[in-house]
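Trainee: Numbering (the numbering used here), first residue to last: 575 to 737.
Glycine residues also receive a C-beta, built at the ideal position from the N, C-alpha and C atoms.
1) Short check: CB of residue 609 to CB of residue 630, under 8 angstroms?
2) Would you mind reading off the limits of the beta strand (DSSP E) that contains residue 673?
3) Would you call residue 642 buried or exposed, if buried means 16 or more other Cβ atoms sit within 10 Å of its Cβ?
4) Give me the Cα-Cα distance between residue 673 and residue 650, rounded to the nearest whole angstrom.
5) How would you label residue 635, buried or exposed, when you count the other beta carbons within 10 angstroms and need 16 or more for buried?
6) Whose C-beta lies closer than 8 angstroms to the C-beta of residue 695 among residues of the same chain, with five residues either side of it excluded?
7) Span of the alpha helix (DSSP H) holding residue 709?
8) From residue 690 to residue 601, what distance separates their C-alpha atoms?
9) On the criterion of 16 or more Cβ atoms from any shown chain inside 10 Å, does residue 640 qualify as buried, or is it exposed?
10) Helix, strand or coil: which one does DSSP assign to residue 641?
11) Output the boundary residues of the beta strand (DSSP E) element that contains residue 682.
12) Rounding to the nearest angstrom, what Cα-Cα distance links residue 731 and residue 707 in this structure?
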């Protein structure tokens with residue numbers, strides 16, 4: 575049911591009467607920032623790489639040879655940020671890049687021997703972190719969280735939210 579303009583205004587007033595720390599997006603942003611800081615500290619100590627670099631390595635490591643464009647989409651990263659970090663990984667000898675034989679506009683990425691060794695070293699550490707994070711919640715809480723995140727992700731892709 576569509577709300578009248580006055581009902582929408584009342585809803586907006588009620589929302590903005592809430593303190594900022596009660597805004598869903600604010601809370602999610604704070605949690606994400608804290609988790610990213612934690613992950614960055616772990617990755618810096620374990621392998622002297624950034625979180626973005628780890629995500630690129632992990633995506634390639636888990637899927638083998640990959641198209642750069644596809645990895646950018648899967649990682650949900652800004653193309654410029656992805657490109658800068660990829661160049662760093664290539665310079666460090668952790669990732670190799672070659673042109674696709676069928677389409678020279680496409681870069682095929684793969685882990686080098688050093689990149690694969692780093693992936694094998696860091697993956698258990700990051701899995702242990704995931705287990706530690708999950709252990710702070712019950713199975714029921716995790717199931718609820720994942721369902722809620724799925725719903726929020728779908729809502730975030732919509733252009734027609736009832737605003």
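Mentor: Inspection of the coordinates gives the following:
1) no
2) 669–673
3) buried
4) 23 angstroms
5) buried
6) 620, 621
7) Here residue 709 belongs to no alpha helix (DSSP H), and DSSP marks it neither H nor E.
8) 36 angstroms
9) buried
10) strand
11) 681–685
12) 27 angstroms
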